[in-house]
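Taking it in order: structure first as structure tokens, then the write-up.
Numbering (my numbering), first residue to last: 789 to 997.
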């Protein structure tokens, strides 16, 4: 596994996302001890800063079939005219700025409104735009220790098992959730919600008395 630049452009019906992925845990462009990096569960990159997240860091479920048994508008296949060109243009510009940044893939995320002395200007982590509102937001999100794509648990399994790991992920839809701890996270969230509902019910019963 090597640290590569990764740029994502994603489309909704009238909204879009252009983002760059952060560096892997404990990696650098010169090649570090990946085994030690995997065994040390860390959200930091090799420069000691908190890693920027990838496209999947905010997900709480593993990828599923988003096409079968869904209506056309639920398949994320319908977009407004011009949206793809706008998103891809932002993605290309983001890649150019990343190539020219002195920190490369380890560059921190800039936020709109801040100043920059670099000729290319600001280098955001994410840009989310809306055609219906004609708006553009620059956002920053850090990596998640439970990410189904870039967490230490996933990278360690892929490094040690290779294609066998990939095949298990494909054949067992919940495997990534179990591996990264998302299954336990969702269970604990459901339990907390039940506790909160029970407390509300007790208060209502007391008020009725």
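Cβ coordinates follow ideal geometry from the N, Cα and C atoms, glycine included. Only a predicted model underlies this, so the values are computations on that prediction, with no experimental measurement involved.
Residues near residue i by beta carbon distance below 6 Å, same chain, minus five either side
{"i": "residue 808", "result": "795, 882 and 886"}
{"i": "residue 797", "result": "806, 875, 876 and 879"}
{"i": "residue 812", "result": "791"}
{"i": "residue 963", "result": "956 and 957"}
{"i": "residue 898", "result": "910, 911 and 912"}
{"i": "residue 869", "result": "none"}
{"i": "residue 967", "result": "941"}
{"i": "residue 822", "result": "Summary for residue 822: the model assigns pLDDT 46, below 50, so the residue's position carries little reliability; its value from the coordinates is reported in the next sentence. If we look at residue 822 and ignore the five residues flanking it on each side, it has no Cβ neighbours."}
{"i": "residue 765", "result": "Outside the displayed range of the chain (789 to 997) lies residue 765, so it cannot be described from this structure."}
{"i": "residue 891", "result": "none"}
Same chain, Cβ closer than 7 Å to residue i, five either side skipped, listed in chain order
{"i": "residue 937", "result": "842 and 844"}
{"i": "residue 826", "result": "Bear in mind that the predicted position of residue 826 carries a pLDDT of just 44, short of 50, making it too unreliable to give a figure here."}
{"i": "residue 860", "result": "866"}
{"i": "residue 818", "result": "Its pLDDT being 44, under 50, residue 818 is placed unreliably by the model, and nothing is read from it."}
{"i": "residue 888", "result": "908"}
Per DSSP, the bridge partner or partners of residue i
{"i": "residue 801", "result": "Note: residue 801 sits in no beta bridge, so no partner."}
{"i": "residue 914", "result": "807 and 927"}
{"i": "residue 796", "result": "807"}
{"i": "residue 840", "result": "930"}
8 Å contact criterion, which residue i and residue j should meet: CB distance rounded
{"i": "residue 848", "j": "residue 974", "result": "7 Å"}
{"i": "residue 801", "j": "residue 866", "result": "6 Å"}
{"i": "residue 933", "j": "residue 970", "result": "Not really, about 11 Å apart at Cβ, beyond 8 Å."}
{"i": "residue 872", "j": "residue 919", "result": "That pair is no contact at about 11 Å."}
Beta-carbon gap between residue i and residue j smaller than 8 Å
{"i": "residue 908", "j": "residue 884", "result": "yes"}
{"i": "residue 895", "j": "residue 911", "result": "yes"}
Contact set for residue i: own chain, Cβ-Cβ below 8 Å, skip 5 residues either direction
{"i": "residue 961", "result": "850 and 852"}
{"i": "residue 923", "result": "917"}
{"i": "residue 846", "result": "929 and 932"}
{"i": "residue 915", "result": "805, 806, 807, 878, 882, 924, 925, 926 and 927"}
Below-8 Å beta-carbon distance, residue i vs any chain C residue
{"i": "residue 949", "result": "Structure shown: chain C not included; a single protein chain is present."}
- Please go through the stretch 867 to 918 and give each complete alpha helix (DSSP H) segment of 4 or more residues, from N-terminal end onward. 871 to 887
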